[in-house]
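Plus 91 on top of the position in the sequence shown (first one is 1) and you've got my numbering.
We put the beta carbon where it would ideally sit given N, CA and C, even for glycine.
Written out below as structure tokens is the structure these notes cover.
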Amino acid sequence: METIEIELTRIFIKVVQHGGFSKAANFLRIPKSTVSKAISRLEKETGTKLLLRTTRSQTLTPAGRVFYETCIEPIQILEDAQKSLYGQDTIVAGKIKITAPEDLGNHVISPEIGKICSQYPKLFFELDYSNQVVDMIKEGFDLAVRIGRLEENRLKVKVLGNLSLIPVATLEYIERTEKIRNPKDLEKHDCLSVSGTSMSQHWQLKRKKETIRVPVRVKVESNQMNSLLAIAMTGAGVALVPQFLCEAALKSHQLQRVLPEWVGVGMPVSLVSSVSTSSSARLKLVSDRIAAIVKTALHSQEQESSKI
Numbered sequence: 092m093e094t095i096e097i098e099l100t101r102i103f104i105k106v107v108q109h110g111g112f113s114k115a116a117n118f119l120r121i122p123k124s125t126v127s128k129a130i131s132r133l134e135k136e137t138g139t140k141l142l143l144r145t146t147r148s149q150t151l152t153p154a155g156r157v158f159y160e161t162c163i164e165p166i167q168i169l170e171d172a173q174k175s176l177y178g179q180d181t182i183v184a185g186k187i188k189i190t191a192p193e194d195l196g197n198h199v200i201s202p203e204i205g206k207i208c209s210q211y212p213k214l215f216f217e218l219d220y221s222n223q224v225v226d227m228i229k230e231g232f233d234l235a236v237r238i239g240r241l242e243e244n245r246l247k248v249k250v251l252g253n254l255s256l257i258p259v260a261t262l263e264y265i266e267r268t269e270k271i272r273n274p275k276d277l278e279k280h281d282c283l284s285v286s287g288t289s290m291s292q293h294w295q296l297k298r299k300k301e302t303i304r305v306p307v308r309v310k311v312e313s314n315q316m317n318s319l320l321a322i323a324m325t326g327a328g329v330a331l332v333p334q335f336l337c338e339a340a341l342k343s344h345q346l347q348r349v350l351p352e353w354v355g356v357g358m359p360v361s362l363v364s365s366v367s368t369s370s371s372a373r374l375k376l377v378s379d380r381i382a383a384i385v386k387t388a389l390h391s392q393e394q395e396s397s398k399i
């Protein structure tokens, strides 16, 4: 078996991470033609097609994906070792690409990213907030925060806690409609539900060790919990939303908790990384900060629920 040149592998990694030959060339400060020749040589040395190239994009082949996932961490470790030789191991610099659900991203993650930017001027971010689950490797994301159970065995997954939802409505809605004394009463009410989940048509609520699954009459369905919150604040119905999202509205009495002894069955929240964060100073710092702030938000909602 022939030995593969490390530099060729490094260039390949950068092409995947930056999404193309031109961007990789700009990052590495080498001509685009050099990048193209390096990939051709690497494919010749491995005897395998690693990238499917068109005039507009490059896509990993199945073999290319396996090669990328196998090589990314060793290459990162090598780069970090090289930096340490030049006394750069303590410098947190570079770009980090993060994806997260929109509501969690805007309300919890973005404020922390702002603080990190102030503290580390050489650190740059690309944020993509969407409820669509993306292919982290194909899209070049370094970190992702995801809600729900994951079946991803190619990536590093760290469970941060559970996201519990609480039913809320305006006092005006509560007073003008039939009283809600137990979860089954929700069947008679206009409910505002998050779409695309197991809880869109049925709300699963728990009180201590008791759990109940209730079919609900969905008045409005949305993939954005923030929009459900806004609609609930007009008095249009009962919304099932995260504690962190409606905390300000509850404190200002714009919304009231419905069935305060009950909470929605929690969904796991995880931090996912495409490489071992321990091999990169900047990734480890940012992943630790994001994990901490998300854990704090989840812990705060648990404390509020336990007071009921």
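- Between Pro333 and Val224, the alpha-carbon positions lie close to 20 angstroms from each other.
- For the set Val157, Phe158, Ser127 and Thr161, the Cα lying nearest the Cα of Thr145 is the one of Ser127.
- The Cβ atoms of Ala260 and Val309 do not sit closer than 9 angstroms to each other.
- Going by C-alpha positions, Asp276 is about 15 angstroms away from Thr302.
- The shortest CA-to-CA distance from Glu230 to any of Tyr264, Thr190 and Leu362 is the one to Thr190.
- Met316 is the residue among Met316, Ser364, Gln345 and Ala388 whose C-alpha sits nearest the C-alpha of Asp194.
- Taking His390 as reference, the option from Leu341, Phe335 and Lys123 with the minimal CA-CA separation is Phe335.
- With respect to Leu169, Ser378 sits apart: the two C-beta atoms are not nearer than 9 angstroms.
- Ile271 and Pro258 have their C-alpha atoms some 11 angstroms from each other.
- The three-state secondary structure of Arg298, taken from DSSP, is strand.
- Exposure of Val250 is indicated by the presence of fewer than 16 other C-beta atoms within 10 angstroms of its C-beta.
- In this model, Lys140 and Arg101 are separated by some 16 angstroms (Cα to Cα).
- Within the DSSP bridge table, the entry for Pro306 names His293 as partners.
- Per the Cβ contact rule, the region 316 to 327 is in contact with the region 273 to 287 (3 or more Cβ pairs under 8 angstroms).
- By the criterion of a C-beta distance shorter than 8 angstroms, Leu119 is surrounded in its chain by Ile102, Lys105 and Val126, once the five residues flanking it on both sides are discounted.
- Residue range Gln149 to Leu151 is occupied by the beta strand (DSSP E) that includes Thr150.
- Ranked by Cα distance from Gly111, the options Leu151, Leu133 and Arg373 are led by Leu151.
- Here Lys213 is near Val183, since their CB atoms are less than 9 angstroms apart.
- DSSP, reduced to helix, strand and coil, places Arg120 outside both helices and strands of the structure shown, so it counts as coil.
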